[in-house]
Amino acid sequence: MLELRLVQGGLLKKVLESLKDLVNDANFDCSASGFSLQAMDSSHVALVALLLRSEGFEHYRCDRNLSLGMNLNNMAKMLKCAANDDIVTIKADDASDSVTFMFESPNQDKIADFEMKLMDIDSEHLGIPEAEFQAIVRMPSAEFARICKDLSTIGDTVVISVTKEGVKFSTRGDIGTANIVCRQNPSIDKPEEATIIEMEEPVSLTFALRYMNSFTKATPLANQVTISLSADLPVVVEYRVAEMGYIRFYLAPKIEE
Amino acid sequence: ADNQPRLSAFFAPK
């Protein structure tokens, strides 16, 4: 028996909106510690890892570990039917082939339940070691989204370079080139507008903008995004999900030609 | 040439 009640149901709506274009089908893993997911895009170049810790739910009952295979587009369709301020409850029986999403309005005057069929999904989990990164950039998520969107009108790839001077995003295409440099800015008055760069060593890596743009669908979840880089390793683009967890996107760097 | 490696080049299956 699984029953997860999330007062901030709008968070789950935003999580699904940020996943559904990258991954078609995925297993949500439910355990005593939380509600999580690890899935790759169809080309196995990008991976998303989601964790919503059990403490973040108003009520969290998970009698035994369960894996719920869901089509993320269909799950997003159902969650779109919830209002942003609805309380969302996810329910499933151990042997059931369906999951129920219950939406309650904040004053309890409207209660809806949507039942969705589950799927059997063969998924391969990758072991992601804890890594020390050469550079970690924390910046406003909307700024990062704007940069990825702007650069993708000019080129297909972005070179992210971190030096003491700041973080540089560069692209090149048929019509020309573009470079955007963001300098460190502690923004003490408005921490959500800060750009903080922790650098052990300068690092420069190239990534496909198509995936970066997909990751920025998570922008409504958090004011800040963290971009962690090391030479010859996948980048980690992380958005915090309120106080309850995170959504992390991993993207393999392109090999320089 | 495809210069986009897959994630399996970096992370092993669990």
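For the record, the sequence lines run as chains V and C. In terms of my numbering, the first sequence opens at residue 49 and continues consecutively. In terms of my numbering, the second sequence opens at residue 4 and continues consecutively. Cβ atoms here follow ideal geometry from the backbone N, Cα and C, with glycine treated the same way. Predicted model only: the values in this text are computed from it and were never measured.
**Request:** For the segment 274-290 of chain V and the segment 185-196 of chain V, state whether three or more C-beta atom pairs, one from each stretch, are separated by less than 8 Å.
**Result:** yes
**Prompt:** residue 154/V: buried (16+ other C-beta within 10 angstroms of its C-beta) or exposed?
**Reply:** exposed
**Item:** 7 Å CB neighbourhood of residue 250/V in its chain, flanking five on each side removed
**Value:** Leaving aside the five residues that flank residue 250/V on each side, the residues in its chain whose CB is nearer than 7 Å to its CB run, in chain order, 210, 211.
**Item:** Extent of the continuous alpha helix (DSSP H) run through residue 60/V
**Value:** 57-67
**Asked** For residue 4/C, which three-state DSSP category applies?
**Response** Annotation note: pLDDT 48 at residue 4/C (below 50); position unreliable, no value reported.
**Asked** beta strand (DSSP E) containing residue 77/V: first to last residue?
**Response** 73-78
**Asked** Who are the near neighbours of residue 200/V in its chain, counting only those whose CB is closer than 7 Å to its CB and skipping five residues on each side?
**Response** 257, 261
**Item:** CA-to-CA distance, residue 113/V to residue 4/C, given in whole angstroms
**Value:** Reliability fails at residue 4/C, whose pLDDT of 48 lies under 50, so the model's placement of it is uncertain and no value is given.
**Message:** Measuring alpha carbon to alpha carbon, tell me which residue in 179/V, 183/V, 135/V is nearest residue 160/V.
**Reply:** 135/V
**Prompt:** Considering residue 228/V, what are the terminal residues of the beta strand (DSSP E) in which it resides?
**Reply:** 224-230
**Message:** Using a Cβ-Cβ distance cut-off of 8 Å, determine whether residue 93/V contacts chain C.
**Reply:** So, interface residue.
**Request:** Starting from the beta carbon of residue 302/V, find every residue of chain C whose beta carbon is closer than 9 Å, and list them in chain order.
**Result:** 6, 7, 8
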